[in-house]
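Single-structure report; data block below.
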Amino acid sequence: MSTTTLTQEELTMSKNTATPVPIAVAHGDGIGPEIMDAVLRILDAAGAAIQAEPVKIGKEVYLSGHTSGIAPESWETLRRTQVFLKAPITTPQGSGYKSLNVTIRKSLGLYANVRPCQALVPYVPSHFPDMDLVIVRENEEDLYAGIEHQQTPEVIQCLKLVSRPGCERVIRYAFEYARANGRKKVTCMSKDNIMKLTDGLFHEVFREVATEYPEIESEHYIVDIGAAMLADRPERFDVVVTLNLYGDILSDITAQVAGSVGMGGSSNIGENFAMFEAIHGSAPDIAGKNMANPSGLLQAACLMLTHIGQGPVAERIQNALLKTLEDGLHTADIANESFTLQKLGTQEFADAIIARLGQEPKVLKPVRLGESKPIQVHVKPTAPVKKELLGIDLFLDWAADDRNPQVLGDQLAQAAKSVGWKLKMITNRGVKVYPDGMPETYCTDHWRCRFMHAPVEFLENNRDVVAPQITDYQAAIQLQQAVFTAGFDIIKTENLYQFDGERGYSLGQGE
Ligand code: NAD
482 MSTTTLTQEE
492 LTMSKNTATP
502 VPIAVAHGDG
512 IGPEIMDAVL
522 RILDAAGAAI
532 QAEPVKIGKE
542 VYLSGHTSGI
552 APESWETLRR
562 TQVFLKAPIT
572 TPQGSGYKSL
582 NVTIRKSLGL
592 YANVRPCQAL
602 VPYVPSHFPD
612 MDLVIVRENE
622 EDLYAGIEHQ
632 QTPEVIQCLK
642 LVSRPGCERV
652 IRYAFEYARA
662 NGRKKVTCMS
672 KDNIMKLTDG
682 LFHEVFREVA
692 TEYPEIESEH
702 YIVDIGAAML
712 ADRPERFDVV
722 VTLNLYGDIL
732 SDITAQVAGS
742 VGMGGSSNIG
752 ENFAMFEAIH
762 GSAPDIAGKN
772 MANPSGLLQA
782 ACLMLTHIGQ
792 GPVAERIQNA
802 LLKTLEDGLH
812 TADIANESFT
822 LQKLGTQEFA
832 DAIIARLGQE
842 PKVLKPVRLG
852 ESKPIQVHVK
862 PTAPVKKELL
872 GIDLFLDWAA
882 DDRNPQVLGD
892 QLAQAAKSVG
902 WKLKMITNRG
912 VKVYPDGMPE
922 TYCTDHWRCR
932 FMHAPVEFLE
942 NNRDVVAPQI
952 TDYQAAIQLQ
962 QAVFTAGFDI
972 IKTENLYQFD
982 GERGYSLGQG
992 E
């Protein structure tokens, strides 16, 4: 890691000679315009070689009839610039409006959300003065695929989708980020003791990728105890990589325990596009009052400068911000009796940072970024596998006969037998209720019925043996026809595959 020794004059000269990088800039809603103005002034004074191109997003765009909150012409600017500095927006109340962030993340393939969290004790109070970690959250998959269905009067499902390339891309990014930023350890968090296939894949890919970075320590935590550790001893973590939902929760926990939700910035990284923003929202309660803290958006802007190869400028800005805090110049949200000498408005706080460009903090650790290159991640192509269909799960909506699993099982077994299938088990919310269920198990109207295709006698005599491959999918259709004809309401089917001889589905609890 090298330190920058450029003077303000040299920086201004380098800015004048460097070709400005075009970036899309959205001023957003609420406090957005005032903090964006403050941030752009600081970037300009620090010598950032950027060319801001405004894009329209947010409340006005929503209310003018664009339900995703972005004007159609703005997409062209985003695609061309490939870099987006975004102030917070206000999403109007009402069910018709879609989250702009989710739309941008998914449309532009922003696979990693990166949120650095550092304590700034004693100037921003936190119980963990040594905390300095980065959460890298998978950003496109998991339960956020947004695929939900109500299947019966009682039961609704949300699909959790996890892909090998999706895991590999974000995990590689976490290791590359660690390498580029001199970080020593990457911790994976998942719940693979319960979700053995989805979270199991994330953990497995983590183990594989970790072997390619021998200089970086790697470890894994089950996410529940991992979250508890993050809240209790955050200083023992460095880079944390995790799935989408866990990352959403963990990154808010860490921002909170760092004591600085209003101070944090984040980046959303894709292959050809990146978006940078503050962690906080549009704070309508203080909008237009020159009270907002611009630090979160400024931190985001520094992540952006690093991303476009202007690390030394980001370093100067971050050190000037730290020096401003040390000098007791604070916005209202972080003002405190012990360390605040002067409470400043948004623009005056920006002026104080500008006045300290080129200075470094004395108490807080100075930031060292040095020259930076954009992080490139290459995902290996998926190897061909042998995929074999072994059976089928039929999901039924059934509430007859006191929901007695034995009655259901006997009828289904009969229907299946007539077309050469065997009913292996029935579960209700994942718990086996047939054969040999427990009378205490509460049953909803949603039943998963597992059928294997094989000569019935064979399976009768070999209860633990997996049925042979179904070569003709026609047999699966015949089963569905037989179950339907017997009067059952099939709400969904899932095929049971094995891949290269490995079971590709979970067993029922008690199966
Ligand atoms: P918020 O983060 O806007 O505000 C929470 C509290 O923190 C408020 O008291 C606010 O005054 C304070 N605060 C936030 N940022 C601050 C800053 N920079 N300086 C000083 N104080 C600050 O969260 P909210 O009130 O739940 O949401 C308000 C609006 O923001 C909602 O419409 C929400 O949808 C939107 N929002 C947008 C984003 C985004 O654009 N990425 C993120 C979160 C919330």
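Quick note on my numbering: the sequence shown kicks off at 482 and runs consecutively. Using N, Cα and C, we set each Cβ at its ideal position, and we do this for glycine too. Being a predicted model, the structure only gives us computed values, none of them experimental.
Please classify residue i: does DSSP put it in a helix, a strand, or coil?
i, result
"Gly693", "In the sequence on display, residue 693 carries Glu and not Gly. Coil at Glu693, not helix or strand."
"Phe683", "helix"
"Asp981", "coil"
"Thr493", "Low confidence applies here, because Thr493 scores a pLDDT of 49, under 50, leaving its location unreliable and the question unanswered by this model."
"Gly746", "strand"
"Phe830", "helix"
"Thr485", "Because Thr485 carries a pLDDT of 41, less than 50, the predicted location of this residue cannot be relied on, and the following value inherits that uncertainty. Correct three-state label for Thr485: coil."
"Pro503", "strand"
"Pro597", "strand"
"Leu871", "strand"
"Asn909", "strand"
"Thr716", "Going by the sequence as given, residue 716 is Glu instead of Thr. Reduced to three states, the DSSP call for Glu716 is helix."
"Gly528", "coil"
"Glu964", "The sequence as given places Val at residue 964; Glu does not occur at that position. Val964 falls in the helix class under three-state DSSP."
"His788", "helix"
"Arg929", "strand"
"Leu624", "helix"
"Leu893", "helix"
"Met612", "coil"
"Pro765", "helix"
"Glu635", "coil"
"Gln990", "strand"
"Thr562", "helix"
Is the closest heavy atom of ligand 1 to the C-beta of residue i under 8 Å?
i, result
"His761", "yes"
"Met999", "The chain is shown only over 482 to 992; residue 999 falls outside these bounds and no answer can be derived."
"Phe824", "Sequence inspection shows Lys at residue 824; the Phe mentioned does not correspond to that position. Answer for Lys824: no, Cβ out of range of ligand 1."
"Lys537", "no"
"Ser741", "no"
"Lys579", "no"
"Leu666", "According to the sequence provided, residue 666 is Lys. The question's Leu does not apply to it. Flag unset: Cβ of Lys666 not near ligand 1."
"Lys587", "no"
"Lys567", "yes"
"Ser549", "no"
"Gly792", "no"
"Ala764", "yes"
"Ala813", "yes"
"Asn976", "no"
"Ser776", "yes"
"Glu629", "no"
"Thr679", "no"
"Glu758", "yes"
Just confirm the distance between the C-beta atoms of residue i and residue j, as a whole number of angstroms; I'd bet it's less than 8 Å.
i, j, result
"Gln823", "Gly809", "7 Å"
"Ile504", "Leu566", "6 Å"
"Val595", "Glu619", "Between Glu619 and Val595 the Cβ distance is about 11 Å, and since that is not below 8 Å, they are no contact."
"Val704", "Glu649", "Not really, about 19 Å apart at Cβ, beyond 8 Å."
"Leu877", "Ile734", "In fact, because the Cβ distance is near 40 Å, the residues do not count as touching under 8 Å."
"Leu614", "Val721", "6 Å"
"Ala507", "Val536", "5 Å"
"Val794", "Ala527", "5 Å"
"Phe609", "Val738", "6 Å"
"Asp814", "Val636", "Not a contact, Cβ separation roughly 44 Å."
Does the distance from the C-beta atom of residue i to that of residue j stay below 9 Å?
i, j, result
"Ser741", "Ala600", "yes"
"Ile570", "Leu779", "no"
"Ala801", "Leu838", "yes"
"Asn753", "Leu589", "yes"
"His811", "Tyr986", "no"
"Gly901", "Asn976", "no"
"Ala967", "His934", "no"
"Thr572", "Ile551", "no"
"Gln990", "Thr908", "yes"
"Ile512", "Ala764", "yes"
"Ala519", "Phe830", "yes"
"Val888", "Ala896", "no"
"Tyr658", "Val617", "yes"
"Gly982", "Lys905", "no"
"Asp680", "Leu640", "no"
Should residue i be counted as a contact of ligand 3 given a C-beta to heavy atom distance under 8 Å?
i, result
"Asn817", "Only ligand 1 can be found as ligands here, which leaves ligand 3 out of the picture."
Does the beta carbon of residue i come closer than 9 Å to any beta carbon on chain D?
i, result
"Ile697", "The question asks about chain D, but that chain is absent: this structure has only one protein chain."
- Just checking, does the stretch 664-674 make contact with the stretch 631-641 on the three C-beta pairs under 8 Å criterion? Contact between the stretch 664-674 and the stretch 631-641 is absent, with fewer than three C-beta pairs closer than 8 Å.
- Task: Could you tell me whether the stretch 541-557 touches the stretch 764-773, where touching means 3 or more Cβ pairs closer than 8 Å?
- Result: no
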